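The structure appears right after this line, and notes come after that.
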Amino acid sequence: MGVIEFELTRTVAARIDAVFARLADIEGYNEWMPGKGSMLRRTTQTSPGAPAVGTTFLDDTSFGPTPGEIAEFQPPHTLVYHWWDKTKAGKLKLEGWPAYRLEDAGDETTLVHHHAEVRTYGMYRLATPFLRRIAMKERSATLVALAASFEPRGPAVG
1 MGVIEFELTR TVAARIDAVF ARLADIEGYN EWMPGKGSML RRTTQTSPGA PAVGTTFLDD
61 TSFGPTPGEI AEFQPPHTLV YHWWDKTKAG KLKLEGWPAY RLEDAGDETT LVHHHAEVRT
121 YGMYRLATPF LRRIAMKERS ATLVALAASF EPRGPAVG
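In case it helps, full-length UniProt numbering puts the sequence shown at residues 1 to 158.
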């Protein structure tokens, strides 16, 4: 097994409860994630109800469909997703845990500690260094888009 693990931190100009709600809203990612610079094309919640531990989703990515679930849910401080990719025979190729630990930074700002862990299995271990670069780019794009989603938008021009 290969392991990729890193942490990114970003300050977001919004209250902690608003940041947590945005990160927990699975289909809301479709509104604020960038169309370019991310491998995520669309995400869909596949189980009914409000987000909670066990809520399932399907990410449509540039690498294909990737199922997942919420693994940890403790508003407004901790949110951990778990996703996986399997071979046609059902063996794990990759799995990951994007985790968010939120800290109230005062003045209606939130410090987002984003811990990412990806594990590679079988022959996919050989791709671990390449996948590390992809994971860092994707997780960075997510944090930039999250912060930008709270920035005021100017009037439409046209």
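All C-beta atoms, glycine included, are put in the ideal place defined by N, C-alpha and C.
Predicted, not measured: the structure shown is a model, and the values here were computed from it.
Look at Tyr100 here: in three-state DSSP terms it is strand. Judged by DSSP in its simplified three-state form, Glu108 adopts coil rather than helix or strand. Annotation: the continuous beta strand (DSSP E) that includes Phe57 extends over 56-61. In the DSSP annotation of this structure, Glu151 is not part of any beta strand (DSSP E), being labelled neither H nor E. Distance between Arg15 and Val3, taken at the CA atoms: about 33 Å.
In the three-state scheme derived from DSSP, where H, G and I count as helix and E and B as strand, Thr66 is classed as strand.
A distance below 6 Å between beta-carbons, with the five flanking residues on each side excluded, links Glu103 to the following residues of its chain, in chain order: Leu111. Listed in chain order, the non-local C-beta contacts of Asp17 below 7 Å within the same chain comprise Pro76, local neighbours out to five positions each way being set aside. According to the DSSP assignment, Arg22 belongs to the alpha helix (DSSP H) that extends over 16-24.
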